[in-house]
Amino acid sequence: MSTIPHYLRLKPQGESAEAKEREYLIESKDDTQVKFVQTTNVNKFTRIFDECSQIDLYKGVLEELTQELFQDKDSVLFTLGPSNSGKSYSIYGNESNPGLTIYSLNDIFNKIESNLADFRYFKKHFGENFIVGSSASKEKTGEYGLSLSVFEIYNDRIRDLTLDPSKTQNQSLDIVTDNKDGKIKPNKLRQIFVTNLKEAKLVLHKSIKRRAVSPTNINEQSSRSHLFIYFNIHKVVGRLIKTSRLTIADLAGSERTKTAKTVGKEFKEGNYTNTSLTELGRILALMKSKRFDRSILRTSKLTRLLLTDLYGNLNQNRIKILLTLDPFSSISNIIHAVRYIQPVSKVTINSERNSLETITTEFPYQVSQLNEEVKVLREMNAKLEDEKSESEAKLLEFEAEIRREISEEFETKIKEIEVLHAGETNSLKESHENILNERLNLLSEDYESKLESKSAEFDLTKKNYEEKITAITEGTNITSEINQGLKKETDSLKLEREDLSNKYNSIKCEVDTLKRINEEIKQSVKHFEKKYLKKSKKVEELEEEVKILQEQIVSLKSSKKRKSDASLVYTEDGVKKNKTEETLPEFDDKENDFAVPFSPAMRMGKSSPSKHFKFSDEGFGISPVKKLNFEIASPIKKNPLMELNQDTSVTSPKKSPKKSSSSKSPSKSPKKKKLLARNIIDHDNLFEDE
Ligand SMILES: Nc1ncnc2c1ncn2[C@@H]1O[C@H](COP(=O)(O)OP(=O)(O)OP(=O)(O)O)[C@@H](O)[C@H]1O
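Residues 0 to 689 (numbering that gives the first Met the number 0) are what the sequence shown spells out, left to right.
Following this line, the structure appears as C-alpha cells:
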C-alpha cells in the first residue's frame with residue numbers, strides 16, 4: 000500500500016539583493032520530509048526536489064508517465080502551489096531551461112517520428128475537430144500519431160486556447176465523454192495534429208500565450224486560470240484507432256486573496272480558484288473513504304476533469320501531483336498550499352499495478368466479455384442518441400400540436416363570450432343610439448338657427464359687394480376709353496417714331512456718302528498737290544529752258560540783223576531795203592516768238608536742239624511756247640478732278656484718242672511723234688484760247 004505520488008519542488012532563493020534578504024522558511028528537510036517554520040507538522044512527500052535541474056525533475060516525475068503512454072495508459076500530472084512559486088516554470092520552462100512538457104514531447108517524438116501513420120486515418124476517425132497542419136504527410140505508413148489539446152478553466156468556464164481569442168470570447172464548453180476515444184473532455188475540443196517537436200512547441204507556445212493572466216501583488220504575470228494540456232497518442236491498430244492521453248494541468252495560484260491583495264475582477268478570480276482547489280482537496284480527502292460517490296466529482300469542472308481520471312487510475316499509479324513552494328516567500332501561503340495536498344498524502348493505494356496488460360493475460364475471457372459489452376453499450380448509446388433526437392423532434396411536434404389546440408380552445412371561448420354578451424351589447428347599443436339621436440336633433444336645431452342668421456348676414460354682404468362691383472365696372476369702362484385714346488396716340492407716335500428713324504437712317508446714309516466723298520476729295524487734293532508740285536518743278540525747268548531759248552533767240556536776232564544789214568540796199572527814196580524783202584513775209588517778233596524746248600540733256604551738250612525740232616526755212620507755223628504757256632496756266636484754272644483725268648489721258652500715249660492720227664507716220668521716232676502730237680494739240684488749244 001502507498002499514497003498517490005506527490006512531489007515538492009522548492010524554488011531557489013534567486014540572485015537579487017532583495018531575494019537574499021528574505022527569510023528561509025524551512026526549519027528542517029530531507030528527500031521526502033519537510034518542516035516549515037512556525038509549524039508543528041512534518042510534511043511528507045514522495046520526493047522533494049530542491050535546487051534541481053529541469054531534466055532531473057522530468058526524470059523524477061514525468062518520464063515514467065510519458066513512457067506509459069505507449070502502453071495504452073492514460074496519465075495525469077497536475078501542479079499546485081502559491082503564485083510565483085514556479086508551477087509554470089516547471090511545466091513549460093523557458094528557452095534555456097525547457098520544462099517538463101518539452102522533455103516529454105521530445106521523448107514522444109523520439110519514439111514515433113520514424114513510425115508516423117497517415118494522418119487521414121485519424122482525420123477520418125475524429126472528424127472536424129481534428130486539425131491537420133500543412134506539413135502533415137499522407138505518405139506515412141507507420142502506426143502512431145500525436146495530437147495536442149490546450150484549454151483553460153477560467154471562472155468555471157472552459158475555453159479552447161488553440162482558437163483565436165476573438166472567436167472564443169464567451170466560449171464555455173461542456174464536459175462530455177467523447178465516443179471516438181471514450182475520454183472525458185470538453186465538448187468539441189480541438190486536437191491539433193503535430194509531426195515534430197518544433198510544431199508541437201509552437202502550438203503550446205501560442206496557446207499558453209492566450210491564457211488569462213493578470214498582475215497580483217505577488218506576480219506580475221500571474222496565471223488566473225487552470226490550464227490543461229492533453230498529449231493524445233493515437234495508434235492505428237488494424238481498423239481501430241486507440242488513444243492514450245497524458246494530462247498535464249497547471250493550476251492557478253493557490254495564494255490567499257488577502258496576501259495577493261486582489262480586488263474586483265481579480266478577487267472574483269481568486270475566489271473561483273480557491274473554491275475549486277478547496278473542492279479538489281475535499282474530494283481527494285473523500286476518496287479514501289468508502290462513502291465516496293463518483294457523482295461527487297461533478298461538483299466542479301476542475302474535479303470532474305482531473306479526478307475522474309484520478310479515480311479511475313488511482314490504483315494504477317498513473318496520477319502524480321507536483322507541489323511548488325518558494326521557501327523564501329510567505330509562511331501563510333505555504334501553509335495554505337500544503338493544506339490542499341495533505342489529503343493526498345493520506346490516500347493509500349494498492350501498490351500492485353493492475354495494468355491492462357496484467358488484466359488481459361490473467362483474465363482473457365473477462366476482457367473479451369467486457370469488450371463485447373462495451374461494443375453493445377456503444378451501439379445502444381448510438382441507438383439512444385437516435386431515439387433522443389427522434390423524441391426531440393416529436394416533442395417539438397407535440398408542443399406545436401398543444402399550442403394549436405390551446406389557440407383553438409381560446410377562440411371558441413372568445414366566441415361564446417361574444418354570444419353571451421351580444422344581448423347586453425344590443426340594448427346598450429340602442430340606448431346609446433337614442434341618446435345620440437337626441438343630441439343630434441338638438442345640435443341640428445341649433446345649427447339651423449345659426450345658419451339662418453348667417454345666411455341673412457351673407458345676403459347683406461353680397462348686396463354690398465354687388466354695388467361695389469357695379470361702381471368698379473363703370474370705372475372700368477372710363478378707363479378702357481382712356482386706354483383706347485392712349486392706344487391711338489401711342490400708335491401715331493409709333494408711326495412718327497418709325498418715320499423719324501427712317502429719316503435718320505437716310506440722313507445717316509447721306510452723311511456717310513458725304514464723308515466718303517469728302518475722303519475721296521481729300522485723297523484727290525492730296526494727289527493733285529503732289530502732281531502740282533511735280534508740275535511746278537517741271538514748269539521751273541521749262542522756264543529755265545525758255546530763258547535759254549530766249550537768249551538764243553536774242554542772239555539769233557542779232558545775227559539775223561547783222562545779216563540783213565549786210566544785204567540792205569538803199570531805195571530811191573532813200574530807204575534801206577532788203578534784197579529779199581519782197582519774198583520774205585513780215586515777221587513780228589512778238590507774234591512769232593518761239594522757244595525750242597531744250598531738254599536738260601541738250602543743255603548739258605549731249606544732244607542738239609535740231610534733233611527735237613525741225614527748223615524749216617519756210618516759216619514757223621506753230622509755236623511750242625504757246626503750248627508751254629497753256630500747260631503752265633491750265634492746272635490753276637481747271638477743276639483738279641478734270642485735270643487729273645485729262646492729265647492721265649495725255650500722259651498715257653496708249654489711251655490718247657488723238658494719238659492715232661499723228662502716230663500713223665512710220666518715219667517718225669516715238670519722241671518726235673509725241674512732240675508732234677503735242678504741237679497739234681497746242682495748235683488746237685491756241686485757237687480755242689483765241
Ligand atoms: N526552480 C526555479 N528555478 C529558477 N527560477 C524559477 C524557478 N521556479 C520559478 N522560477 C522563477 O520565478 C518566477 C515565477 O515563476 P512561475 O511563473 O513559474 O510561477 P507560478 O507559480 O506559475 O506563478 P502563478 O501561479 O502566479 O502563475 C519566474 O520568473 C520563474 O522563472
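Backbone N, C-alpha and C define an ideal beta-carbon position, used for all residues, glycine too.
In angstroms with no decimal places, state the Cα-to-Cα distance between Ser134 and Ser84.
As a working note, residue 134 is residue 135 in the sequence shown. As a working note, residue 84 is residue 85 in the sequence shown. Distance between the alpha carbons of Ser134 and Ser84: 38 Å.
CB contact flag (Asn128, Arg189, <8 Å):
For the purposes of this step, residue 128 is identified with residue 129 of the sequence shown, where counting begins at 1. For the purposes of this step, residue 189 is identified with residue 190 of the sequence shown, where counting begins at 1. Yes, Cβ-Cβ distance for Asn128 and Arg189 is below 8 Å.
Check the DSSP bridge columns for Asn463 and list the partner residues they point to.
As a working mapping, residue 463 is identified with position 464 in the sequence shown. In DSSP, Asn463 forms no bridge with anything.
Just to confirm my understanding: we take Val193, look at its own chain, exclude 5 residues before and 5 after, and list those with CB closer than 8 Å. What are they?
Translated into positions along the sequence shown, residue 193 becomes position 194. Same-chain partners within the cutoff: Gly132, Leu145, Ser146, Leu147, Ala199, Val202.
Rank Arg223, Lys43, Ser452 by C-alpha distance to the C-alpha of Thr2 and give the top, closest one.
Locating residue 2 in the sequence shown gives position 3, where the first residue counts as 1. Among Arg223, Lys43, Ser452, the Cα nearest to that of Thr2 belongs to Lys43.
Could you give the first and the last residue of the continuous alpha helix (DSSP H) run that contains Phe108?
Here residue 108 is taken as the residue at index 109 of the sequence shown, counted from 1. First-last of the alpha helix (DSSP H) with Phe108: 99 to 111.
What does the alpha-carbon distance come out to for the pair Leu306 and Pro11?
For this step, residue 306 is matched to residue 307 along the sequence shown. For this step, residue 11 is matched to residue 12 along the sequence shown. Looking at the two C-alpha atoms, the distance is approximately 31 Å.
Please check the pair Glu26 and Lys34, which I expect to be a contact at CB under 8 Å, by giving their CB distance rounded to whole angstroms.
The count along the sequence shown starts at 1 and reaches residue 26 at position 27. The count along the sequence shown starts at 1 and reaches residue 34 at position 35. Rounded, the Cβ-Cβ distance is 5 Å, consistent with contact.
Tell me the DSSP secondary structure of Val337 in three-state form.
Position 338 of the sequence shown holds residue 337. Three-state result, Val337: helix.
Quick check: does the Cβ of Tyr88 come within less than 7 Å of any heavy atom belonging to ligand 1?
Along the sequence shown, one-based indexing puts residue 88 at 89. Yes - ligand 1 has a heavy atom lying nearer than 7 Å to the Cβ of Tyr88.
Measuring only from the beta carbon, is Ser113 closer than 7 Å to any heavy atom that is part of ligand 1?
Here residue 113 refers to the residue found at position 114 when the sequence shown is read from its first residue. No, since every heavy atom of ligand 1 falls outside the 7 Å radius drawn around the Cβ of Ser113.
Measuring from the CB of Asn83, is there a heavy atom of ligand 1 at a distance below 7 Å?
Taking the first residue of the sequence shown as position 1, residue 83 is located at position 84. Yes - ligand 1 has a heavy atom lying nearer than 7 Å to the Cβ of Asn83.
Please state if the CB of Ile340 and the CB of Ile318 are separated by a distance shorter than 8 Å.
Reading the sequence shown from its first residue, position 319 is the one you call residue 318. Reading the sequence shown from its first residue, position 341 is the one you call residue 340. Not in contact: Ile318 and Ile340 (Cβ atoms no closer than 8 Å).
Following the continuous beta strand (DSSP E) through Lys34, name the residue where it begins and the one where it ends.
Your numbering for residue 34 matches position 35 in the sequence shown. 32 to 35 is the extent of the beta strand (DSSP E) around Lys34.
Closer than 7 Å by C-beta to Arg46: which residues in its own chain qualify, once you throw out the five before and the five after it? Chain order, please.
Residue mapping note: residue 46 aligns to position 47 of the sequence shown, counting from 1. Cβ within range, chain order: Tyr6, Asp30, Thr31, Gly59.
Counting C-beta neighbours from all protein chains within 10 Å, is the total for Val510 16 or more, i.e. buried, or is it exposed?
On the sequence shown, position 511 is the one that residue 510 refers to. Residue environment analysis places Val510 among the exposed positions, since fewer than 16 neighbouring C-beta atoms fall within 10 angstroms of its C-beta.
For Lys166 and Ile157, the rounded distance between their alpha carbons
Along the sequence shown, one-based indexing puts residue 157 at 158. Along the sequence shown, one-based indexing puts residue 166 at 167. Straight through space, the alpha carbons of Lys166 and Ile157 are spaced by roughly 13 Å.
Under 7 Å from any heavy atom of ligand 1, does the C-beta of Thr323 make it?
The sequence position of residue 323 within the sequence shown is 324, counting from 1. At least one heavy atom of ligand 1 is nearer than 7 Å to the Cβ of Thr323, so yes.
Taking Cβ to Cβ, would you say Leu99 is nearer than 8 Å to Leu56?
Counting from one through the sequence shown, the residue named residue 99 turns up at place 100. Counting from one through the sequence shown, the residue named residue 56 turns up at place 57. Yes, they are a contact pair.
Could you check whether the Cβ of Ala251 sits closer than 7 Å to any heavy atom belonging to ligand 1?
Here residue 251 corresponds to residue number 252 of the sequence shown, with the count starting at 1. True, at least one ligand heavy atom lies under 7 Å from that Cβ.
At the level of alpha carbons, what is the spacing between Ile228 and Ser243?
Here the question's residue 228 lines up with position 229 in the sequence shown. Here the question's residue 243 lines up with position 244 in the sequence shown. Their Cα atoms are separated by approximately 13 Å.
Contact test: Gly80 Cβ vs ligand 1 heavy atom, cutoff 7 Å
As a working note, residue 80 is residue 81 in the sequence shown. Flag set: Cβ of Gly80 near ligand 1.
Output the distance between the C-alpha atoms of Glu480 and Ile520, rounded to the nearest integer angstrom.
On the sequence shown, residue 480 is found 481 positions in, with the first residue counted as 1. On the sequence shown, residue 520 is found 521 positions in, with the first residue counted as 1. Rounded to the nearest angstrom, the two C-alpha atoms are 59 Å apart.
Counterpart residues of Glu151 in DSSP-defined beta bridges
On the sequence shown, residue 151 is found 152 positions in, with the first residue counted as 1. In the DSSP output, where bridge partners are listed per residue, Glu151 has Arg158, Leu226.
Can you list, in chain order, the residues of its chain whose CB lies under 6 Å from that of Asn186, leaving out five sequence neighbours each side?
Here residue 186 is taken as the residue at index 187 of the sequence shown, counted from 1. Answer for Asn186: Leu172, Asp173, Val175, listed in chain order.
Spatial neighbours of Leu643 within its chain, please: CB distance less than 6 Å, with the 5 preceding and 5 following residues excluded, ordered by chain position.
Here residue 643 refers to the residue found at position 644 of the sequence shown. Caution applies to Leu643, whose pLDDT of 40 falls short of 50 and renders its modelled position unreliable; the value that the coordinates give is listed next. Here the set comprises nothing.
I need the boundaries of the alpha helix (DSSP H) containing Phe121, first residue and last residue.
Translated into the one-based positions of the sequence shown, residue 121 becomes position 122. Taken as a continuous stretch (DSSP letters only), the alpha helix (DSSP H) holding Phe121 covers 118 to 125.
Use the C-beta contact count for Asn96: other C-beta atoms within 10 angstroms, 16 or more gives buried, fewer gives exposed.
Here residue 96 refers to the residue found at position 97 of the sequence shown. Burial call: exposed.
So does Pro326 have its beta carbon nearer than 7 Å to some heavy atom of ligand 1?
Start at 1 with the first residue of the sequence shown, and residue 326 comes out as number 327. Flag unset: Cβ of Pro326 not near ligand 1.
Grab the span of the beta strand (DSSP E) containing Glu20 for me, first residue to last.
The residue you call residue 20 lines up with position 21 of the sequence shown. Not the beta strand (DSSP E): Glu20 falls in the alpha helix (DSSP H), residues 16 to 20.
Sequence-distant residues of the same chain with beta carbon closer than 6 Å to Gly181, five excluded per side
Residue mapping note: residue 181 aligns to position 182 of the sequence shown, counting from 1. Result list for Gly181: empty, nothing under 6 Å.
Taking C-alpha atoms, which residue in Arg238, Leu304, Gln168 lies nearest to Leu226?
Within the sequence shown, the letter at position 227 stands for residue 226. Measuring from the Cα of Leu226, the nearest candidate turns out to be Leu304.
Separation of Asp564 from Ser557, as counted between CA atoms:
Here residue 557 refers to the residue found at position 558 of the sequence shown. Here residue 564 refers to the residue found at position 565 of the sequence shown. Taking the straight line from one Cα to the other gives about 10 Å.
Endpoints, the alpha helix (DSSP H) within which Gln66 is located
Taking the sequence shown and counting its residues from 1, the one referred to as residue 66 is at position 67. Bounds of the alpha helix (DSSP H) holding Gln66 are 62 to 67.
Test item: CB-CB of Asn114 and Glu151 under 8 Å:
Taking the sequence shown and counting its residues from 1, the one referred to as residue 114 is at position 115. Taking the sequence shown and counting its residues from 1, the one referred to as residue 151 is at position 152. No, these two residues do not count as a Cβ contact at 8 Å.
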